[in-house]
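Numbering (UniProt numbering), first residue to last: 1 to 342.
Using N, Cα and C, we set each Cβ at its ideal position, and we do this for glycine too.
All figures in this text were calculated on a predicted structure; none of them were measured in a lab.
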């Protein structure tokens, strides 16, 4: 028993060690499982041979990903280059606004205790330094990602090759694994994989819909406010909104404050209104989208999203529904048995 336990621990340790180096293969396996229903449909409904069905689905997948990536990258690079060219003047303007604020503050600060004045001046200076550091870090990050492009291309090619080969060989892989499973385990595993497959696809669809809605709301609002670079800024808002802890307010609120400090009250108020609209609409439709795509009731989705957010913050918005799905899957598979009466 001890020997088996030690062997299991060692195997798990090796697995966790290898995971970072195996991400293209893991993503290829997950993608192959997600594309498998389309392959089977071509085989069963249109009598395609396995290799022809896999080739057709794989080719369509690559074409869609290729076109989406091309247009997205072209738009982003175009606006990033333009934005980078104007970044020095933007930073100069920010510094000038902060300096003007400090000078105005000095005129009205004679009747205020010295400690408060020093504290506020330090805060303003800290904000100024923070903005300058942010610009520096942003430039360094862009340069870093540009230098990683060759490596990303190699990883992407490995992912595509692995995806095609795994998809082609998936039935044989399933049979190889099933040889070591009992009938009961097979049945439970089938239920778990079916439910989790639906949940993963549903989660991706739900997250895509929420991100698309956020992007369209942000783009519409920025176009109405006549802001420059609306597409790249809308994408930035979506990316920040997806990241843990941060949200749309991390971009829109500081931007609104800076606009008001710069004398552009209309833009500042417009950005605050846009932030409120995006937040209210997202929080209203989030439970409904999660429930319809993840196969759980709207009440369960609402409770899981709310409790997840309260307990774990932004990450809980994802982990809450994920936990409910896993528990629901385990119950349906008979791994977790709930049988009590009051």
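Measure the beta-carbon distance from residue i to residue j and round it to whole angstroms, keeping in mind my assumption that it falls under 8 Å.
{"i": "residue 56", "j": "residue 162", "result": "The Cβ separation is near 18 Å, so there is no contact."}
{"i": "residue 208", "j": "residue 235", "result": "About 14 Å separates the two Cβ atoms, so there is no contact after all."}
{"i": "residue 230", "j": "residue 212", "result": "The pair is not a contact, with the Cβ atoms about 16 Å apart (cut-off 8 Å)."}
{"i": "residue 54", "j": "residue 168", "result": "5 Å"}
{"i": "residue 259", "j": "residue 268", "result": "4 Å"}
{"i": "residue 256", "j": "residue 271", "result": "4 Å"}
{"i": "residue 187", "j": "residue 332", "result": "At roughly 11 Å, the Cβ-Cβ gap does not stay under 8 Å, so residue 187 and residue 332 are not in contact."}
{"i": "residue 282", "j": "residue 210", "result": "6 Å"}
With a threshold of 16 other CB atoms inside 10 Å of the CB of residue i, please say whether the residue is buried or exposed.
{"i": "residue 133", "result": "exposed"}
{"i": "residue 252", "result": "buried"}
{"i": "residue 13", "result": "exposed"}
{"i": "residue 166", "result": "buried"}
{"i": "residue 122", "result": "exposed"}
{"i": "residue 23", "result": "exposed"}
{"i": "residue 73", "result": "exposed"}
{"i": "residue 153", "result": "exposed"}
{"i": "residue 9", "result": "exposed"}
{"i": "residue 286", "result": "buried"}
{"i": "residue 310", "result": "exposed"}
{"i": "residue 241", "result": "buried"}
{"i": "residue 202", "result": "buried"}
{"i": "residue 294", "result": "buried"}
{"i": "residue 11", "result": "exposed"}
{"i": "residue 290", "result": "buried"}
{"i": "residue 321", "result": "buried"}
{"i": "residue 316", "result": "buried"}
{"i": "residue 226", "result": "exposed"}
{"i": "residue 164", "result": "buried"}
{"i": "residue 126", "result": "exposed"}
{"i": "residue 308", "result": "buried"}
{"i": "residue 377", "result": "This structure does not reach residue 377, given that the chain is present from 1 up to 342, and the question cannot be answered."}
{"i": "residue 68", "result": "exposed"}
{"i": "residue 278", "result": "buried"}
{"i": "residue 16", "result": "exposed"}
In the DSSP assignment, find the alpha helix (DSSP H) that holds residue i and state where it starts and stops.
{"i": "residue 272", "result": "265-294"}
{"i": "residue 38", "result": "23-45"}
{"i": "residue 254", "result": "249-261"}
Does DSSP put residue i in a helix, a strand or coil?
{"i": "residue 67", "result": "helix"}
{"i": "residue 334", "result": "coil"}
{"i": "residue 148", "result": "coil"}
{"i": "residue 3", "result": "helix"}
{"i": "residue 58", "result": "helix"}
{"i": "residue 406", "result": "Residue 406 cannot be examined here, being either before or after the span of the chain that is shown, 1 to 342."}
{"i": "residue 48", "result": "coil"}
**OP:** Identify every run of the alpha helix (DSSP H) within the region 159-229, keeping only runs that are complete inside it and at least 4 residues long; order them along the chain.
**Re:** 183-224
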